[in-house]
Structure formats: structure tokens, C-alpha cells
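Residue numbers in the sequence shown follow the working numbering, run continuously in steps of one, and reach 308 at the last position.
Note that beta-carbon positions come from the ideal geometry of N, C-alpha and C, so glycine has one too.
Note that the coordinates shown come from a computational prediction; the quantities given were computed from them, not determined experimentally.
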Amino acid sequence: MLAELWRLAVATGLTTLGYTEWLAELVQGGTPTPAPLDQAGRTREASAAWGDRTGPVTLGQAGRVVTTFGESIPTAFCSPLTVCYIELEPGEELTDTPSWGDAVRWQVAAKVQGSGPETIVLEIKPADDASSTNIVIPTDRRLYTITLVNDPSIHTPILSFHYPDTEAQQIAEAIAARAAEEREEAQAAAAAARAAEDARQARLAARGVETSTGALEADQLNFSFRIDGRAPFRPVRVFSDGERTYIDLHPDYRGELPAIVGGPGESNAALNTRVTRGGTRLVADRVIRDIWLQAGRTRIRIRGGRD
């Protein structure tokens, strides 16, 4: 009798012990340790788990019952003498003929709805004596597995799906498209700024150097100024027209505007200055000899040469 029980335990996977070890464990009052499930056992467990799993179901428009794809194996309830539909994602295409378990008592036909992109719907009709079955639908985007239930008291007009993967892809595409638009806008703005600067330089080359009294030829100006130090606001050019001194900052500089402080060569005298050209040119109302441009603790020294 015990040998028969041991053979049954081995056959059903409850133990992997030999008969003597199993009997000793049984006599000692211990509960035999269940053997780990084999491949078939794990497959049975996983299949049962999918059968028990439920996903969110909501009411959609025009008779649609909406479930989330991939969360569970959905069920379509179809009544005899009525038609229920399974609606795929717009633009999704069948890659093969759907397969269902009872092709005698269940009728399935694929139809196309709408245009640009078209939507495939499967028309489902059960016979009076149709038992529950399932249908597998292969498409170019996913594989559907749906349970079909013949129930005169419940009818699912249209079973449709919510697709998290599609939504995530659409969001990613929208973000990428917006980023591309912003890059194009930035490139266009940069190109426009370069074109404007090129045009300004061309105008300047045609009529001379801009000063407070108008454009002057370069040979009428004094460019012999020495610039010492390194800072973001280091001037790209300093020149004098004999009455004023012009300090041109880089056209792309957007930092703190430096103050002009008289150096030893100016006897630390105050300088009457103003800002022009949108903050990129400082104008001192006399010819400077020795000054500092200072912003915070950073400064640049400018010393004049010949007049």
C-alpha cells in the first residue's frame, strides 16, 4: 500500500525522493517537501494565471467595450441571432486568416471600416448550440487571443482595445517632432541673425565705421589701443574718432555690462559714458588714456596710444 502511494507521489511530482527516504520522512511525521514543478507544471501554472487574470474594462463610444491590450485575455459575449464585432487598431492589418476553435458553430468574417487609415473589424456570429471557444488574430502589430462566449443574456456589441504601446510611441514621436521643430526654428533664427550681421558688416564696409557722428573711413580713426586681460566682456575693438572713444563688445555677449573705471593714466577721473547698439558698444565722451572695464571681480585694462 505504501509503495503504491510512493509511486503515485512520484508520478504526480509531489516527491523526488527514493522509496526508503520517502518512507523514513513519512514515519518521522514530516510533510514531504513538494518537488519543484517541471516545465509542464510551470506551463500549467502560467496558463492558469493568464486565465484568472483580469484587466481594466471601460465603456467606449457607440457600443464599444474597451479593454487594455496585453493586460488579460479578454472575453467577447455573443448572443445567437446577433452579431458582435472585434475592432482592431486603425491601420492594423491581418497577416493571416484568424483561427478559432469551433469553425462549425461560430462564424467569423473580416470586414473593413472607414478609410485613411482603414480599420479591420471581425464579425462574430454564434449558433444556438455554440460552446465557448477562442479566436487568435495575427496582425502586423500584435497577436490577439480572445475568448468567445455564447450567452443569450449578454451581448458585447463591439470589443475594442486601448493600446499603451501605441500611445507611448505617439508621445515619443510628438516629443521628437517638437524637438526637431525647435531645432529648425533655432537654426532659422541663427541663420537670420548671421544674415543680418553679414548685411550690417557689408553696409559698414561700404560706408565706413559707424560713430556717433556718422560713418567714417577707417583711416580717419585711431585703432591703436592696447587691450589686456581675459573676460567674456573683452572688447573686440576699441577706437577713437578724436573726440570720443568707442568700445565694442562681442555682438553675442549677454552678460553683465561692465563699468568703466578710470585707471592711473586717467588720474582715476570719472568718465562720462553711454551705451549704444543694444548694449554692445560703450562710448566715452573723450579720448581715453587708461581705463578698466570691470564686472564683479573681473576686469580688462584698455590703454590708448597715439591720437
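Exercise. The beta strand (DSSP E) with H163 in it runs from where to where?
Worked result: I159 to H163
Exercise. Going by beta carbon distance, what residues of the same chain come within less than 7 Å of T146, once the five residues before and after it are set aside?
Worked result: I74, N135 and V137
Exercise. From S161, I125, R143 and T299, pick the residue whose C-alpha is nearest to that of V150; which is it?
Worked result: I125
Exercise. Got a sec? Which residues, its chain only, sit under 8 Å from S133 by beta carbon, not counting five neighbours each side?
Worked result: T148, L149, V150 and N151
For this session: From the DSSP output, in three-state form, read off V265 for me.
Result: Checking the sequence, you will find Pro at residue 265 rather than Val. Three-state result, P265: helix.
Exercise. With distances taken between CB atoms, is the gap from D242 to T212 smaller than 8 Å?
Worked result: yes
For this session: Could you name the residues that DSSP lists as bridge partners for Q221?
Result: Per DSSP, none; premise fails for Q221.
Exercise. For R282, which residues of its own chain have a beta-carbon under 8 Å away from its beta-carbon, when the five flanking residues on both sides are left out?
Worked result: Y247, I248, D249, L250 and V276
Exercise. What residues in its chain sit with their C-beta under 8 Å from that of F156, if we drop five residues either side in the sequence?
Worked result: With the sequence shown as reference, residue 156 is identified as His, and Phe is not the correct amino acid for it. Correct list, in chain order: F78, C79, S80, T83 and C85.
For this session: Taking G297 as the reference, give the member of R65, V262 and G215 with the closest Cα.
Result: V262
Exercise. Where do the N-terminal and C-terminal ends of the beta strand (DSSP E) with Q295 fall, by residue?
Worked result: D291 to A296
Exercise. So, W376 versus R304, is the Cβ gap smaller than 8 Å?
Worked result: In this structure the chain extends from 2 to 308, so residue 376 is not present and cannot be described.
Problem set entry | Exposure label - V113; buried when at least 16 CB within 10 Å | exposed
Problem set entry | S116 versus P139, A128 and P91, residue with shortest Cα-Cα distance | P91
Problem set entry | Contact under 8 Å by Cβ, E88 with L160 | yes
Exercise. So who's on the other strand from D229, going by DSSP bridges?
Worked result: R302
For this session: Could you tell me if E93 is buried or exposed, where buried requires 16 or more neighbouring beta carbons within 10 angstroms of its beta carbon?
Result: buried
Problem set entry | Contact under 8 Å by Cβ, G61 with E72 | no
For this session: Using a threshold of 8 Å, state whether the C-beta atoms of V109 and L123 are closer than that.
Result: yes
Exercise. Relative to the C-alpha of P153, which residue among P165, Y164, D129 and P139 is closest?
Worked result: D129
For this session: Might you give, ordered along the chain, the residues of its own chain that have their beta carbon closer than 7 Å to the beta carbon of Q1, omitting 5 neighbours on each side?
Result: As displayed, the chain neither begins before 2 nor continues past 308, which places residue 1 out of reach and without an answer.
For this session: Quick one: grab the DSSP three-state call for V105.
Result: coil
Problem set entry | Same chain only: Cβ atoms within 6 Å of A131, ignoring 5 sequence neighbours per side | R106, W107 and N151
Exercise. Exposed or buried, which one is V28 when buried takes at least 16 other CB atoms within 10 Å?
Worked result: exposed
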